[in-house]
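Here the structure is laid out as structure tokens; the discussion comes afterwards.
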Amino acid sequence: MAASGASAVALLVFLPLLSVLVGGEDPYRFFTWNVTYGDIFPLGVKQQGILINGQFPGPQIDAVTNDNLVVNVYNNLNEPFLLSWNGVQQRRNSFEDGVAGTTCPIPPGRNFTYILQVKDQIGTYFYFPSLAFHKAAGGFGGIRVLSRPMIPVPFPPPAADFTALIGDWYKTNHTDLRYILDSGKTLGFPDGLLINGRGWNGYTFTVQPGKTYRFRITNVGLATSLNIRFQGHTMKLVEVEGSHTLQSIYSSLDVHLGQSYSVLVTADQPGFDYPIVVSTRFTSKIISTTAVLHYTNSAGKAPGPLPGGPTTQIDWSLNQARSVRWNLTASGPRPNPQGSYHYGQVPTTKTIRLANSAAIINGKQRYAVNGVSFVNADTPLKIADYYKIPGVFSVGTISDSPTSGGAYLKTSVMGADYRGYVEIVFENSENEVQSWHIDGYAFWVVGMNGGQWSSASRQIYNLRDAVSRYTLQVYPNAWTAIYMPLDNVGMWNVRSENWARQYLGQQFYLRVWTPSTSWRDEFPIPKNALLCGRAAGRRTRPL
């Protein structure tokens, strides 16, 4: 393990420079995390889990808009490790993204300090380990970014702010799951579901009668969309991945892989213990789990059966997804209304169409985007780009529209021009729900529907109050369209949130490029950056 004194010296070296870059008046929050293996029993079976400071799930990050987060991560595993930050945009700084294409892994026994800023952000996000199928062992946790004082929030302060990390789980250790995937096979159906790392009735949220509580719900699972509902209670949706929403009321809510929602729940029922039910969606069989909504004046278990989930499939979920709308009058991280940027009136500069597929390549199960199944290079792409190292990747190795013919292996990178404004259409001809995330960016989900997308599909786009978010779903044999301003220079991962599909190639990198070398457009490589592969032995930038 690297000496803590060396880490302190490193911080003293680059924090003054960072304060120039991000504004010295913004607060810093410091975290020291020790990543270890440890025994966990989430489904009653002993497993090797990944713990952060001894915790599964990992510690919650609490921040306020524009805070600088300094996260010193010590890797005490026996293999390289990286953390990534789902939804934290990392403006002009993809070096800190924490995925294989941007950041060198932390070697065993070493540490690395991430420097992040939640610049102009509010809302609900999470972090997770991005390498080697580590996510199947834990290492994930919630990120909560509150509004700055004096910025109005469109609902009264809740009595408490709860995080609910929901997700599917396998009893098999992540190393064995990884071996199954490397052997060219599929993982099969998950063994169960967890809420905050615990199984059936394993986690309790305590509430006082008559008060209203915020629940930040994130699907941190590997393979399945989920539905959540509270017996006897309704949910008022107030925020989706950094956007305040119209405050619609739901009795149950679909949460797809990688997605986050905030709901308000009022404890307005008689004093009992009420089940919070989470169950799988769009699966051949249904599995479920529960947490407990415990009233402080509880007389015991609430009477009645568990609340059932939706009885219909795609249409119900599609209509619910369309009902999630942007609150145009609410402030975001700044006092101006969210709707002050008229996204629907800006002409798009390019249309990108992305189609997922399953394929057998060299006798093994793989997954692809536009016919290309991604393979990692021997050097992070962003670092190779910075040092102009030839032979690591080529821009244009993936088409911006679906291709015919079989899938093949490639380190796929798509080029895009800084300050473009793109329409991206995700097309899904398979029979399972897809979930997609784009690092470094928020985007407007302007439309979704069944069938094949065509230019005529734009007639049903929502160009007024579509929600801005970071993760989207595409229903089976359907499409989803987004508008996205290319306002963040860097190398950004576009990936499936189904983690086996991501691991086996359903991802690529979007290189948003400008010839400018101004720090206003992109920060230089961090002084403490780890260098590996063909960049090993090079020097980072001078002070």
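Residues -24 to -1, 1 to 519 (mature numbering (1 follows the signal peptide of the UniProt record, and there is no 0)) are what the sequence shown spells out, left to right.
Where a beta carbon is used, it is the ideal one built from N, C-alpha and C, also for glycine.
All values derive from a computational prediction rather than experimental measurement.
CB of residue i within 8 Å of CB of residue j, strictly
i	j	result
D415	V75	yes
L357	V348	no
T210	Y226	yes
W475	L198	yes
G308	R440	no
Y101	S219	no
E498	R68	yes
F116	P33	yes
N97	V121	Per the sequence presented here, residue 97 reads as Gln, with Asn not at that position. Contact: yes.
N303	L222	yes
A392	L330	no
Y3	D43	Residue identity check: residue 3 is Pro in the sequence provided, not Tyr. Their beta carbons are under 8 Å apart, which means P3 touches D43 by this criterion.
V401	T325	no
L269	F131	no
N404	N332	yes
G25	A113	yes
A344	Q449	no
L19	W145	yes
V239	L213	yes
I374	F206	no
Q36	G118	yes
I328	A383	no
Close Cβ partners of residue i (< 8 Å) along its chain, the five nearest in sequence each way excluded
i	result
L58	G74, V75, A76, T79, P81, I82, P105, S106, L107
V351	L385, K386, T387, G481
G339	G160
T162	I156, Q341, A476
Distance, residue j Cα to residue i Cα
i	j	result
N504	G466	18 Å
T516	S299	48 Å
G208	Q245	7 Å
residue 546	P366	Since the displayed the chain opens at -24 and closes at 519, residue 546 lies outside it and no answer follows.
residue 520	V21	No information on residue 520 is available, as it lies outside the stretch -24 to 519 that the chain covers here.
L170	G513	43 Å
W176	W61	28 Å
P125	S264	39 Å
N453	A267	34 Å
N346	G280	49 Å
Y179	N172	7 Å
T139	R192	5 Å
P166	E408	15 Å
N87	I290	45 Å
E215	N438	19 Å
P323	R471	26 Å
L(-7)	N295	Interpretation of L(-7) is limited by its pLDDT of 44, a score under 50 that renders its predicted location unreliable; the figure taken from the coordinates is listed afterwards. For L(-7) and N295, the distance between alpha carbons rounds to 45 Å.
Q31	I16	10 Å
H150	P500	35 Å
T259	V40	38 Å
Those residues which DSSP pairs with residue i across a bridge
i	result
L229	I204
L19	L19 is not bridged to any residue.
K326	V398
S260	In the DSSP output, where bridge partners are listed per residue, S260 has none listed.
W455	E403, N425
R301	A442
R192	T139, S238
residue 522	Absent from the model: residue 522. The displayed extent of the chain is -24 to 519, so no value can be given.
Cutoff 6 Å; reference residue i; Cβ partners in own chain excluding five residues on either side
i	result
R496	none
P502	F71
C508	C80
G63	Y101, E217, Y446
N203	S228, D230, S255, R257, G285
S444	S219, A418, W420
A442	W420, V421, V422
T242	T188
L282	P251, V253
R342	A335, S349, L480, G481
A457	V401, V422, G423
S433	none
Cβ shell of residue i (< 7 Å), same chain only, five flanking positions each side left out
i	result
E473	L233, G234, S411, W412, H413, T447
F248	Y271, S274, A275, G276, K277, A278
N195	I142, G143, L202, V231, H232, L233, G234, Q235
M460	V398, I400, Y417, F419
Y363	A511, R514
G396	T325, K326, L462
E55	P84, A108
Q66	E72, D73, L92, G416
Threshold first: 4 residues or longer. Then list the alpha helix (DSSP H) segments lying entirely within the segment 470 to 501, N to C. Runs found: 475 to 479.
Please give me, in chain order, every unbroken run of the beta strand (DSSP E) with length at least 3 that falls completely inside the segment 401 to 439. 410 to 414, 419 to 426
Which complete alpha helix (DSSP H) runs does the segment 121 to 172 hold, if anything under 4 residues is left out? Runs found: 150 to 158.
What ranges does the beta strand (DSSP E) occupy inside the segment 79 to 111, keeping only unbroken runs of at least 3 residues that lie completely in it? Whole beta strand (DSSP E) segments, 3+ residues: 87 to 93, 99 to 105.
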